[in-house]
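Q: Mind looking over this structure? Questions follow.
Numbering (the working numbering), first residue to last: 3 to 143.
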């Protein structure tokens, strides 16, 4: 998955694993990635992971959003770029986006029970005989 490496603001380098969809960054605790620093706006920016890449959007922050020291409003992030929110820097470490749809195995329905007379019984309701209706003329067979 896409990752940012926080370069400033902490004694240890912090790795932020981004989630699919919108990831909000800002000073407010309700952001996906809260950053408690005076140069960070309440809701500073959003980084969206899509099948098309990692998209950055500045949310009208007071101190700006920068990619490689250039101010940006919207940008596509690439590996190796430096992202700066106010005075806090991040290294774009990975931009991999993995979208997978799991294969779900569904059990097949049980076949009807056929009596010696040829009558078929419902596999879920042993007392009910199965009837077939023509999809064209709707005759019961």
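All C-beta atoms, glycine included, are put in the ideal place defined by N, C-alpha and C.
Can you give me the C-alpha to C-alpha distance between residue 98 and residue 108, rounded to a whole angstrom?
A: Residue 98 and residue 108: Cα-Cα distance of roughly 31 Å.
Q: Looking at residue 67: is its Cβ nearer than 9 Å to the Cβ of residue 87?
A: Their beta carbons are under 9 Å apart, which means residue 67 touches residue 87 by this criterion.
Q: Grab me the residues of residue 4's own chain with a C-beta within less than 7 Å of its C-beta, minus the 5 sequence neighbours each way, in chain order.
A: So the qualifying residues of the chain are 20, 51, 56, 96, 97, 98, 99.
Q: Does residue 94 pass the burial test, meaning 16 or more other C-beta atoms within 10 Å, or should it be called exposed?
A: Flag for residue 94 reads buried.
Q: Count the other C-beta atoms from every protein chain shown that fall within 10 angstroms of the C-beta of residue 77, then say buried if there are 16 or more, exposed otherwise.
A: By the neighbour-count rule (16 or more Cβ atoms within 10 Å), residue 77 is buried.
Q: Tell me whether residue 42 is buried or exposed, calling it buried when 16 or more other Cβ atoms sit within 10 Å of its Cβ.
A: Looking at its Cβ environment, which holds 16 or more other Cβ atoms inside 10 Å, residue 42 is buried.
Q: Under a three-way DSSP split, which group does residue 8 fall into?
A: Residue 8 falls in the strand class under three-state DSSP.
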